[in-house]
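Residue numbers (the working numbering): 28 to 688. Note that beta-carbon positions come from the ideal geometry of N, C-alpha and C, so glycine has one too. Have a look at the structure below before the remarks.
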Amino acid sequence: MTSKTQPASTDSLEQYAEVIRLGWLIRKTEQRLLELFKQGKLFGTVHTCIGQEFVGIAVARALHPQDNVFSNHRCHGHFLAYRQNLVGLIGEIMGKSIGVCGGRGGSQHLHQGTFYSNGVQGSIVPVCAGLAYSQKVKATNGITVAFLGDGTLGEGAVYEAMNIASKWELPVLFVCENNLYAQSTHQSQTLAGGIRARAEAFGIETAYSDTWNWPALLSAIADSADLVRRTSRPRFHQVDTYRLMAHSKGDDNRPESEVAPYWERDPIATLAEQYASDPRFQEMAREVEQLIEEAVAEAEAAPFSHDTAPGVPVMGGASVWEARPFPRERVVDSVRRGLEEGLAQHQQLVLIGEDIESPYGGAFKCTLGLSARFPGRVRNTPISEAAIVGVANGMALAKLIPVAEIMFGDFLALAADQWINGAAKFSWMYNGQVQVPTIVRTPMGGKRGYGPTHSQSLEKHFLGVPGTNVLCLHHRYSPAQLYGDLFASIATPTLVIENKILYTRFTDPEPPPGYSLLFTRETFPTARLKPHLAPDLTMVAIGGMSVEAEEAMLRLFDEEELLVDLFLPTRLYPFDCGILEDSLAMTRKLLVIEEGQGFVSLSSEILAQVAERFGDLNVRCRRLTAESCPIPSSRPLEEQCLPNTGSIVRKASEFVRELVH
28 MTSKTQPAST
38 DSLEQYAEVI
48 RLGWLIRKTE
58 QRLLELFKQG
68 KLFGTVHTCI
78 GQEFVGIAVA
88 RALHPQDNVF
98 SNHRCHGHFL
108 AYRQNLVGLI
118 GEIMGKSIGV
128 CGGRGGSQHL
138 HQGTFYSNGV
148 QGSIVPVCAG
158 LAYSQKVKAT
168 NGITVAFLGD
178 GTLGEGAVYE
188 AMNIASKWEL
198 PVLFVCENNL
208 YAQSTHQSQT
218 LAGGIRARAE
228 AFGIETAYSD
238 TWNWPALLSA
248 IADSADLVRR
258 TSRPRFHQVD
268 TYRLMAHSKG
278 DDNRPESEVA
288 PYWERDPIAT
298 LAEQYASDPR
308 FQEMAREVEQ
318 LIEEAVAEAE
328 AAPFSHDTAP
338 GVPVMGGASV
348 WEARPFPRER
358 VVDSVRRGLE
368 EGLAQHQQLV
378 LIGEDIESPY
388 GGAFKCTLGL
398 SARFPGRVRN
408 TPISEAAIVG
418 VANGMALAKL
428 IPVAEIMFGD
438 FLALAADQWI
448 NGAAKFSWMY
458 NGQVQVPTIV
468 RTPMGGKRGY
478 GPTHSQSLEK
488 HFLGVPGTNV
498 LCLHHRYSPA
508 QLYGDLFASI
518 ATPTLVIENK
528 ILYTRFTDPE
538 PPPGYSLLFT
548 RETFPTARLK
558 PHLAPDLTMV
568 AIGGMSVEAE
578 EAMLRLFDEE
588 ELLVDLFLPT
598 RLYPFDCGIL
608 EDSLAMTRKL
618 LVIEEGQGFV
628 SLSSEILAQV
638 AERFGDLNVR
648 CRRLTAESCP
658 IPSSRPLEEQ
668 CLPNTGSIVR
678 KASEFVRELV
688 H
């Protein structure tokens, strides 16, 4: 057991009046929240910090206005200590419009000013590194605090972020509240080695305190925050403490024989007992009780928020088709040009990723030479996909425009949490108080012989995430133009799918004879190769399939006199099949080509939308997708597995003949 609770001296109430008042406010607020939960007046859950109050107080006292705090699921005490917004907290947990996030975030997801919290364990740590990076490059003299529990030390993203924070010398103060439990599981079952040794392995200085000697805790945390601020280097501060109540609501299976001694040593209870007859404490307690009751009454009287609209971009003018000029250039050169022009035009733009600095310039050379021209703004990262996207999210919250490269699209799965539970949700769950202009770009697709884990088209797993954009490149539109428009307008997390084979091809602004090249009138347009004569078949090709679909289109005309109306979308999500209406009205036949797996895919979505919206046209639909197997490395097997020009021609020809006969 840790050190005994230090009794307050005779003048402690005078010396630490605000500290004791805050501790009592947090304690009584959370006890009131537990009562409200039993009364059915709260939504979700309640994770109290009863027993741990002095950690948040110590941190809050050490912070400056420009500092950031990122908390976790057990965030009430941290929030009250730092923001002292009682009405906003209670209103939020009650789901009311006066809550700090309008009732959208609830107990675990709070935001006000520079305070954030997220209920996903460990995912906040890379975000903190990104926030701290912004503080460093903007020279704010600010620091970022990352609150961790000892249970969170099982999460790999924590160590990815610690590594980056140490190597980049970022001003992050990691505060680990060691309460011995990961939910209901004791540390003896989950934690190998020492807590501070984990940070020390990354060259991060550490410190130690506990909540029972709370005056020393206040001083030690202040010293740690000051050291991080002066050195612009991370520090890890372990605080031993004990959670006196259940992990959440009433789910506590710890034996009373273990918990009771900690109640006897509880600093808040010890102070209350010591000053029970002191008029100053009695007045403070009455004031706190009144504040809580007034806050509860105000929250109960407030309306619920009924605005649930997600931040999905509005598609406009999709039925208007127009020509657009762009240069003919190799796709990889166009990508590089777009990134280079973006770096020159937008000082807040930052590129991060594995091996993207010169002389290597990325696995596919999309960033070749950029680090030499823009030193410090094109940065190599460790092999840490979760941290790469998480750091980008933190940069985005701090109003930078991060472009995170994931070397192979297959590795997006390693960063899925940062995208789905971070980038996609921050703006909405924080009630529109922040924007998240995170850009992730990555190559997808096979036909390079890279085998099962480096050849997939996994974009379907990232479609349909509310509050995000998914774009893709093809050879009939300029990647440089796409990136230029994206950098100029970015407000929503955007995933850009590139294609390995496409890098070597050329963008082509000239349509083949007998066709017009047209675009929808929107920022990220769909391209259309429209035949001058009435088409026989409407075809949609996604991403890298654009080249082979066009080759198939030309062969179908030469070999079978079939005219194809070919659509090449640039925005995969959200996707509106209304752009196909006039073509389907003529052909009543739709073929969708997708390199990825067909089950629960974009091709599935397109066919479903067509069936729902254009049932009166009696449209017949088919699709051609990858075989349901991992992608083989052998070239002959890979050709059998993935769609290609020949298989598109066969599928289209059989489809049309089937309907004719």
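Rounded to a whole number of angstroms, what is the C-alpha to C-alpha distance between residue i and residue j?
{"i": "Gln42", "j": "Ser259", "result": "31 Å"}
{"i": "Val341", "j": "Leu595", "result": "The predicted position of Val341 is uncertain, since its pLDDT is 43 and thus under 50; no value can be drawn from it."}
{"i": "Phe514", "j": "Gln636", "result": "30 Å"}
{"i": "Gly338", "j": "Arg598", "result": "Because Gly338 sits at a pLDDT of 48, beneath the cut-off of 50, its placement in the model cannot be relied upon, and the following sentence gives the value as read from the coordinates. Near 16 Å, if we compare the C-alpha coordinates of Arg598 and Gly338."}
{"i": "Thr550", "j": "Asn645", "result": "31 Å"}
{"i": "Val323", "j": "Val46", "result": "23 Å"}
{"i": "Gly343", "j": "Ala638", "result": "Because Gly343 carries a pLDDT of 41, less than 50, the predicted location of this residue cannot be relied on, and no value is offered for it."}
{"i": "Ser246", "j": "Gly132", "result": "33 Å"}
{"i": "Ala243", "j": "Ala87", "result": "15 Å"}
{"i": "Val73", "j": "Ala442", "result": "28 Å"}
{"i": "Arg647", "j": "Lys616", "result": "5 Å"}
{"i": "Leu509", "j": "Pro464", "result": "15 Å"}
{"i": "Ile383", "j": "Pro282", "result": "54 Å"}
{"i": "Ala345", "j": "Leu593", "result": "Because the pLDDT at Ala345 is just 48, under 50, the model does not fix this residue reliably, and the value given afterwards should be weighed accordingly. Roughly 16 Å between the two C-alpha positions."}
{"i": "Ser660", "j": "Gly473", "result": "9 Å"}
{"i": "Leu664", "j": "Gly369", "result": "40 Å"}
{"i": "Asp603", "j": "Cys128", "result": "31 Å"}
{"i": "Glu587", "j": "Pro552", "result": "30 Å"}
On the three-state DSSP scale, how would you describe residue i?
{"i": "Ser134", "result": "helix"}
{"i": "Arg532", "result": "coil"}
{"i": "Ser661", "result": "coil"}
{"i": "Met566", "result": "strand"}
{"i": "His264", "result": "strand"}
{"i": "Glu182", "result": "coil"}
{"i": "Thr495", "result": "coil"}
{"i": "Gly122", "result": "coil"}
{"i": "Ala173", "result": "strand"}
{"i": "Tyr289", "result": "helix"}
{"i": "Thr233", "result": "strand"}
{"i": "Ile620", "result": "strand"}
{"i": "Met189", "result": "helix"}
{"i": "Phe391", "result": "coil"}
{"i": "Ala89", "result": "coil"}
{"i": "Ile415", "result": "helix"}
{"i": "Arg684", "result": "helix"}
{"i": "Gly380", "result": "strand"}
{"i": "Val164", "result": "helix"}
{"i": "Tyr600", "result": "strand"}
{"i": "Cys668", "result": "helix"}
{"i": "Ser98", "result": "strand"}
{"i": "His103", "result": "helix"}
With a Cβ-Cβ cutoff of 7 Å, do residue i and residue j count as a contact?
{"i": "Ile295", "j": "Gly50", "result": "yes"}
{"i": "Leu589", "j": "Phe682", "result": "no"}
{"i": "Met572", "j": "Ile620", "result": "yes"}
{"i": "Leu366", "j": "Pro261", "result": "no"}
{"i": "Ser693", "j": "Thr565", "result": "In the structure displayed, the chain extends from 28 to 688; residue 693 sits before or after that span and is not available."}
{"i": "Thr238", "j": "Thr268", "result": "yes"}
{"i": "Tyr530", "j": "Phe438", "result": "no"}
{"i": "Val147", "j": "Asn448", "result": "yes"}
{"i": "Ile428", "j": "His373", "result": "yes"}
{"i": "Ala252", "j": "Leu180", "result": "no"}
{"i": "Gly118", "j": "Arg270", "result": "no"}
{"i": "Arg532", "j": "Val358", "result": "yes"}
{"i": "His559", "j": "Thr534", "result": "no"}
{"i": "Ser385", "j": "Ala399", "result": "yes"}
Across which residues does DSSP place residue i in a beta bridge pair?
{"i": "Ala554", "result": "Phe546 and Leu595"}
{"i": "Pro470", "result": "Glu525"}
{"i": "Gly449", "result": "DSSP lists no partner for Gly449."}
{"i": "Gln139", "result": "Phe142"}
{"i": "Cys203", "result": "Leu175 and Gln265"}
{"i": "Val461", "result": "Val461 pairs with nothing; no bridge assigned."}
{"i": "Pro429", "result": "Val377"}
At a cut-off of 6 Å, would you count residue i as near the ligand SAM, judging by its Cβ distance to the nearest heavy atom?
{"i": "Gln508", "result": "This structure lacks the ligand SAM; in fact it carries no ligand of any kind."}
Taking contact to mean 3 or more Cβ pairs, one atom from each stretch, closer than 8 Å, check whether the stretch 414-431 and the stretch 443-455 are in contact.
Yes, since at least three Cβ pairs between the stretch 414-431 and the stretch 443-455 fall closer than 8 Å, the two stretches touch.
Specify whether the stretch 311-331 and the stretch 519-539 touch according to this definition: at least 3 beta carbon pairs, one from each stretch, less than 8 Å apart.
no
Say whether the stretch 164-176 touches the stretch 75-93, bearing in mind that this needs 3 or more beta-carbon pairs closer than 8 Å, one atom from each stretch.
yes
Is there contact here, the stretch 181-195 with the stretch 222-236, by at least three beta-carbon pairs under 8 Å?
yes
Taking one C-beta from the stretch 462-471 and one from the stretch 127-143 each time, how about it: are there three or more such pairs within less than 8 Å?
no
Touch check for the stretch 535-544 and the stretch 478-494: three-plus C-beta pairs under 8 Å?
No, they do not touch.
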